[in-house]
Every structure is written in structure tokens, then in C-alpha cells.
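Read in order, the letters of the sequence shown are residues 2 to 108 in this note's numbering. Glycine included, C-beta positions come from ideal geometry on N, C-alpha and C.
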Amino acid sequence: MFTLNGEMLISDSGSELAFKEIETENGFIPVCSLGLSQVGRLNLGQDVSSLRYFTICGLQEGYEPFAINTKREVTMWFSKSLPQFSPVPDEHPHYEITFGQVLVVFV
Numbered sequence: 002m003f004t005l006n007g008e009m010l011i012s013d014s015g016s017e018l019a020f021k022e023i024e025t026e027n028g029f030i031p032v033c034s035l036g037l038s039q040v041g042r043l044n045l046g047q048d049v050s051s052l053r054y055f056t057i058c059g060l061q062e063g064y065e066p067f068a069i070n071t072k073r074e075v076t077m078w079f080s081k082s083l084p085q086f087s088p089v090p091d092e093h094p095h096y097e098i099t100f101g102q103v104l105v106v107f108v
């Protein structure tokens, strides 16, 4: 799967509708998919100097890496099945969503 600012460009089945109903105001959802026996490297920008074209293209376009200035490794979520995404309402009783973090409140 390929995504740009949370908008799905193409999925593994050729469908572009995976994030159709998802509203992304101030950020994006990093998504990647690997097939059986494939190996990949995901660079979320924790170390900006490791981004090859960041100083050439990224700064000019106003791009800010997802994990810039984070002190610890980014938590990753893995799944063998196709994930299902749905919007979280602003007034959800169990989740408080802020830019850059998700706070889960158990009631």
C-alpha cells in the first residue's frame, strides 16, 4: 500500500478507497505493506540525516518527517490481516486524540 498524507494512493488489491472516509487534518498515516518473503526498511525520519533527499527536496516542499525529534523508537503495529480503519469522533468516551499522540483512557 502507498499513502501520501493519509490519502491512499493504491492498495495491494489495486483499490484507492481504503482511506476514503478518513479525515486527516494535520498529519498523515504512514502505511506500508509487504508480501510473503519480502523485506523492507521503513524510515520515519527519526534521524533526519538518514533521509537521502530531505535537504534537496523535503525542506523546499515543507515536508516534516513523521518521527522527527523523537527520543525513543516509534511504536509499530503489525498485522497479518487487512486492517480496518474508521474515524474516531471528537467526543469519544474512551479515546482522546491530539496531534502526535493517542491517549487511551480506560473507564
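CB-CB length for residue i against residue j, believed under 8 Å
{"i": "residue 52", "j": "residue 59", "result": "7 Å"}
Three-way DSSP call (helix, strand, coil) for residue i in this model
{"i": "residue 74", "result": "coil"}
{"i": "residue 62", "result": "helix"}
Within 8 Å, strictly: CB atoms of residue i and residue j
{"i": "residue 46", "j": "residue 66", "result": "yes"}
{"i": "residue 69", "j": "residue 89", "result": "no"}
Buried versus exposed, by CB contacts within 10 Å (16 or more), residue i
{"i": "residue 91", "result": "exposed"}
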